[in-house]
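Residue numbers (the UniProt record's numbering), protein chains in the order written: chain A, 1 to 356; chain B, 1 to 635. No residue lacks a Cβ here, since even glycine has one placed at the ideal position from N, Cα and C. Heads up, the thing below is written out as structure tokens.
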């Protein structure tokens, strides 16, 4: 299986398509043979992971691309076994600690400890430190982040951390100050369009510039999404026509329909139907916060200015509760009910205004 | 003290004791010679046939002593059908069944077996009905009682002892099977007079193993129904526990396939209960050694109501109450009955069970020693959702005008008590309410408030440290929020006029299934695509949907089938009718939710791990992929 996303991923800092200046700086940083802990952050699909792999390759050579999967089991103090899969090469390990849920602190501490305690044997040819790549750091619990801070200090000599996250706002300042922050901004639409053209050229396809542009604008500056869309377009119809429909993910269409239903009718019966659709989305592995955000985005299209701010505030309120609560459906439904109620009142006021 | 607990005797024991003078003397001192205490169940007789009259023949001071110590529920056990407090129709139904299956030329239907299943709450007279009917129809009851199991002996233990002299070890289950299958083959030993009696197998006690492993039980039942032509009566009380219940022992498919006839008993009606209690009290107050004034009618009525249809506990309560003078109960009871009759007059309808004012009834309960009652889930949810209210009292405070939209009549029920009586975790109960509340609402503004209360309730229980404390509060918030904003039912008589007066089906929450699916599928996705290092969000919202629409060749069949399951959403064919399973009247809460963010390692192990791990080197190293080593370290 190889997506275009994987197939045409740049594998050296010099070959990156955008943020070239930053790439230069990263290269300089790495050529010295050592680097501080890094925190790479930026929106989804901006190329964080690509850059990290480039850095690692620059550092260790092609060996970092020979990956294997390990399954490690950690035992919590309460004697619970937590199994985690780790992707590792000889030089680095990559782990998503939030897989362990509330036990992420144990995973982080144990993992780094075991990795960092073993010295590299052939220190002549290799660097004398290993790299631990942690993804989704912003989804870590606070305990895990504090555990991470202590571990970071302790094992600086034998291990470097690269943290990868979407936003630094959920990372505690203590960790932020210990890392060199590298922001990877999302590519502009022009850059995406250009990359799409390059990829299509490599695939021996001709992509009309209009289509490239519309894909780029539809991708919301998410390069991964853009490439996936482009590939789906190709499956749908080739040769491309400049105005062909761009396939969207099923769940997005489904979410839009759900939003339309909410706007079209506000009644308990409709709320029940919407709940059914939320369940359907959840059972297709769509995360609750993605559902809430997606709904809000669609719903805001039919709101005016004042209502927009009110509904955004409500959504934020319920998302906060959802993050802390147990059962997402309560909060999703509460948001939808609130929107229905407010929107109905808004419509009624609108009609009254028309009468006078 | 012990005499109170297990005072029942076989006729055999009594006659033996009565005929031996030295023991008789001893018995006067201790009231209960330990030799005569053969049976500990205290509920029913092992063999109870035509020889029941022998008890009354033994006239001695000893017997009188015994009788004073027998609980009245035993002493005044019904001996004729007239005395039974069970509804006539139920008795007739059981009698009809017995007669039908006893007649020699009973036409054997295709789907009719010799098994009768009696269900109902405890103490409504199931056993009494069977016993009385057996007496009427001159049947010999053979009852199964769990034997005390022999001490388990390993074969290789004490090898030098000759085992042939000991009876072979048998498990309870094996014994039960033997009992059931053999009971009909051999007549009981007929000593003395020879009478042709029919037999009835009665099973009330089941070996404990069957509660965990009902399959074995079902296979025994199947064999029994094939081979036997002797009626067997199984009596199972309704319980609220999830482990021991009728549904697991007698699931609907087994009942249907074996043609088991099921008769479900209802709680004893208050009027017939009062009648029975009065009869007993009258008999005791005049005849018993311990004389006491006849309790007033209001006392008896109160006991009858408090016992919730459990006649055994009602009689026991009566006996306790009569140990002392019942005069001191009068004050409490009078006030209670008064308020009740006042209410009844106003509403014009007899709502005895539910209309008890909580504080007063609580006092009376403790005074009489009433029974702790629990509710079936179905009724509990109904109580919250239909939220019946009392008519307005003149003394009720009136809210100021700016708060008038919060004006509500007083509730009949106490929500906290309802939740407590369901014996469920409050979280699960809230889920049930959440699943069902929308159908009871007409106004979206009310829905908004209720949904918000549910959200608050969930948020309250998020912190595991305080969860055990806050659970009660959170269910309180949820139920009271739901009731308060049910504006269509905010007044006593509004339920009748407003929409939604009718009956609506209730459903089981879908959340369990959905969240299980969600977790399992997320874990599966991660396990299947582990080599590609995508974060879950990207994988589930971007990669998978597009993977489903593009023609990237997949190597792993598990991945393909998973994609077909998850990647596509049926946009057109999504049907709204799906509302989860219907909740039946006596269903219990079976789903236990595991609130746990750890993906189950089982699902992961079931999956074949993807063979090829990394594709990242593809472009660089061409066809080098065969050299990649996949190592799974399971440590």
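- Residues of the same chain with a CB within less than 7 Å of the CB of residue 68 (chain A), apart from the 5 flanking positions on each side, are 88 in chain order.
- The Cβ neighbour count for residue 321 (chain B), taken over all protein chains shown within 10 Å, is at least 16; the residue is labelled buried.
- Of all residues in the stretch 126-155 of chain A, those with a C-beta nearer than 7 Å to a C-beta of chain B are 135 and 136, reading in chain order.
- Residue 430 (chain B) sits away from residue 490 (chain B), with the two beta carbons spaced by 8 Å or more.
- At a C-beta separation below 7 Å, residue 325 (chain A) has these neighbours in chain B: 458, 459 and 462.
- With respect to residue 97 (chain A), residue 82 (chain A) sits apart: the two C-beta atoms are not nearer than 8 Å.
- Annotation for residue 97 (chain B): 116 and 261 place their beta carbon closer than 7 Å to its own, counting only its chain and skipping 5 residues before and after.
- The C-beta separation of residue 318 (chain A) from residue 334 (chain A) comes to about 6 Å, placing the pair in contact by the 8 Å criterion.
- In the structure shown, residue 331 (chain A) falls within a helical segment according to DSSP collapsed to helix, strand and coil.
- Per the DSSP secondary-structure output, residue 96 (chain A) pairs with nothing in a beta bridge.
- Within the model, the alpha-carbon separation for residue 511 (chain B) versus residue 484 (chain B) is close to 24 Å.
- Residue environment for residue 82 (chain B): exposed (fewer than 16 other C-beta atoms within 10 angstroms of its C-beta).
- Neighbours of residue 283 (chain B) in chain A, taken as residues whose beta carbon is under 9 Å from its own, are absent, since the nearest beta carbon is some 57 Å off.
- Per DSSP, the beta bridge partners of residue 72 (chain A) are A:84.
- Rounded to the nearest angstrom, the gap between the Cα atoms of residue 143 (chain B) and residue 213 (chain B) is 22 Å.
- The Cβ atoms of residue 302 (chain A) and residue 263 (chain A) lie closer than 8 Å to each other.
- If you ignore the 5 residues before and after residue 43 (chain A), its C-beta comes within less than 6 Å of the C-beta of 186, all in its own chain and listed in chain order.
- The DSSP-derived three-state label of residue 144 (chain B) is strand.
- Put simply, the backbone Cα of residue 428 (chain B) is about 42 Å away from that of residue 226 (chain B).
- Counted as a single uninterrupted DSSP element, the alpha helix (DSSP H) harbouring residue 131 (chain B) occupies residues 126-136.
- Cβ-Cβ distances below 8 Å link residue 86 (chain A) to 69, 70, 71, 72, 93, 94, 95 and 111 in the same chain, with the five nearest sequence neighbours on each side left out; the list follows chain order.
- Boundaries of the beta strand (DSSP E) harbouring residue 164 (chain A): 159-165, taken from the DSSP string.
- Per DSSP, the unbroken beta strand (DSSP E) holding residue 119 (chain B) starts and ends at 115-120.
- The residue from A:219, A:248, A:239 and A:331 with its alpha-carbon nearest to that of residue 457 (chain B) is A:331.
- Counting the other CB atoms within 10 Å of its CB gives residue 314 (chain B) a total of 16 or more, which places it among the buried residues.
- Contact between the stretch 10-20 of chain A and the stretch 153-172 of chain A is absent: fewer than three C-beta pairs spanning the two stretches fall below 8 Å.
- Around the Cβ of residue 266 (chain A), a 10 Å sphere holds 16 or more other Cβ atoms; the residue is buried.
- Residue state for residue 507 (chain B) is assigned as strand, using DSSP reduced to three classes.
- In the three-state reduction of the DSSP assignment, residue 89 (chain B) falls in the helix class, which pools H, G and I.
- Chain order gives the chain A residues near residue 545 (chain B) as 249, 250 and 251, where near means a beta carbon separation below 7 Å.
- When C-beta distances to chain B are compared with 7 Å, the residues of the stretch 323-352 of chain A below that value are 324, 325, 326, 327, 329, 330, 331, 333, 334, 337, 338, 340, 341 and 344, in chain order.
- Taking all protein chains in view, the Cβ of residue 400 (chain B) is surrounded by fewer than 16 other Cβ atoms within 10 Å, so the residue is classified as exposed.
- Put simply, the backbone Cα of residue 478 (chain B) is about 6 Å away from that of residue 453 (chain B).
- Counting along the chain, the unbroken alpha helix (DSSP H) around residue 564 (chain B) starts and ends at 557-566.
- Comparing alpha carbon positions, the residue from A:48, A:3, A:5 and A:36 closest to residue 23 (chain A) is A:48.
- CA-CA distance, residue 145 (chain A) to residue 175 (chain A), rounds to 7 Å.
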